[in-house]
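> I have a structure I would like to understand better, so I am pasting it below and will then ask my questions one at a time.
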Amino acid sequence: MASITLLGPQHNRPMVSDLLEGMGVDGPLALITAGWEEREQEQEDEVERLVGDRPTLNLRLYARWEEVFRKEPELGQAMRDRNDRLRTIQRLYRRRLDPAVEAVWELHQMRVPRMELLLAERHHALRALSELDSHYLEQIRSVHTAFEDVWDPHGRPAVVDTRAQVREEVRGCAAILIAGGDVGVITDRLRLFGLHALIGPRPVIAWSAGAMALSERIVLFHDSPPYGQGNAELYDDGLGLVPKIVALPHASTRLRLDDRQRVSIFARRFAPATCVALDEGCGITWDGEQWKAFGRTRRLNERGQVVGMVAP
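The sequence shown: position 175 = 157 (the numbering used here), numbered continuously.
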């Protein structure tokens, strides 16, 4: 199996070039910058800054997605309808999520004479929150499955042709790089164009939202957002290329990692997956059998500590 490396943000402390050198990668690099949407081509300069003088080839997955739906307008409309359903499910989930999270917080802040009774309620409230997460994912999966069953997007001529073109371009590349941006956009494009089939023996390096897209479950998080509630929420299944990991890019700036209660609840909510803080200069590599962490990569544990990363 090709190695999969997840990194934190690369703007101030880039690591990609050193990793490629350490892996002995020799040859062109396939770039996926679809997360930047219409600006995907503009990100080439940024990525090329990360890889030095190595040759690169942008796969243009965002532009190719647009081209597919110009050729297949019915499929494009069906995709928009699917997305409307997904947004409705997300809105209903958030409506239920806020009071569920509030109940967990209130119970963890309470003190009563018979603490054993309170501990049981805390446990049940957190389990109810995890069950809500699971229910939401089941609803999301049912929409994806229905869309696939009815429209068979991978069998549509424009998709088949485009996947063949992308596969041919990747054939001549030595590694695949996936940049950040909008995690939903990244995930949709990687699914439609079949990332699993593209990898082969090539190492994959993904950072920020790109790293989130490769995990089993995508968790959106920000303890102090500029507006709205700061409740972590599930977004969707990821590509599932890396097992038992919740990728948390920018964790130090988006999570209150010094608040042990918040850290503990976060870690327990998404267990048994390991919640990994992917800050600048941090990363983990999966070789198909075990993890290797580098930099000052840390994980959130159920005792509310942020500790050095070990294999999950």
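C-beta atoms are modelled at their ideal positions from N, C-alpha and C, and glycine is treated no differently. Because the structure is a prediction, the values reported are computed rather than measured.
Once the 5 residues before and after D205 are set aside, which same chain residues still bring their CB inside 6 Å of it?
Counting only Cβ-Cβ distances below 6 Å, and skipping sequence neighbours, we find G212, L237 and R238.
> Buried or exposed, going by whether 16 or more other CB atoms sit within 10 Å of the CB of D269?
Exposed, since its Cβ has fewer than 16 Cβ neighbours within 10 Å.
> How many angstroms separate the CA atom of Q147 from the CA atom of K53?
If I take the Cα positions, the gap works out to 15 Å.
> Note the first and the last residue of the continuous beta strand (DSSP E) segment covering L159.
That run of the beta strand (DSSP E) goes A157 to I160.
> Using only alpha-carbon positions, find the residue among T15, E19, L11 and V33 that is nearest to R184.
Checking every option, the nearest Cα to that of R184 belongs to L11.
> Taking all protein chains shown into account, decide if N(-6) is buried (16 or more other Cβ within 10 angstroms of its Cβ) or exposed.
Exposed, since its Cβ has fewer than 16 Cβ neighbours within 10 Å.
> Looking at the structure shown, is V201 part of a helix, part of a strand, or coil, going by DSSP?
V201 falls in the strand class under three-state DSSP.
> Going by CA-CA distance only, name the one from A253, A157 and V186 that's closest to V201.
It is A253 whose Cα lies nearest to the Cα of V201.
> Tell me which residues share the same chain as P135 and place their Cβ nearer than 7 Å to its Cβ, disregarding the 5 neighbours each side in the sequence.
These residues qualify, in order along the chain: L57, V141 and L174.
> What are the boundary residues of the alpha helix (DSSP H) that includes R278?
Segment: none, R278 is in no alpha helix (DSSP H) and carries neither H nor E.
> Assuming contact is defined by CB atoms lying nearer than 8 Å, are V186 and I227 in contact in what I supplied?
No.
> Short of 8 Å in beta carbon distance, which residues of its chain neighbour I24, apart from the five on each side in sequence? Order them along the chain.
The amino acid occupying residue 24 in the given sequence is Glu; Ile does not appear at that position. The answer, listed in chain order, is W18.
> Please go through the same chain and pick out, in chain order, the residues whose beta-carbon is closer than 7 Å to the beta-carbon of N283, but skip the five residues on each side of it.
Hits under 7 Å: A249 and V289.
> Cutting at 6 Å between CB atoms, please list the residues of its own chain near G176, excluding the five before and the five after it.
Within the same chain, G176 has close Cβ partners R145.
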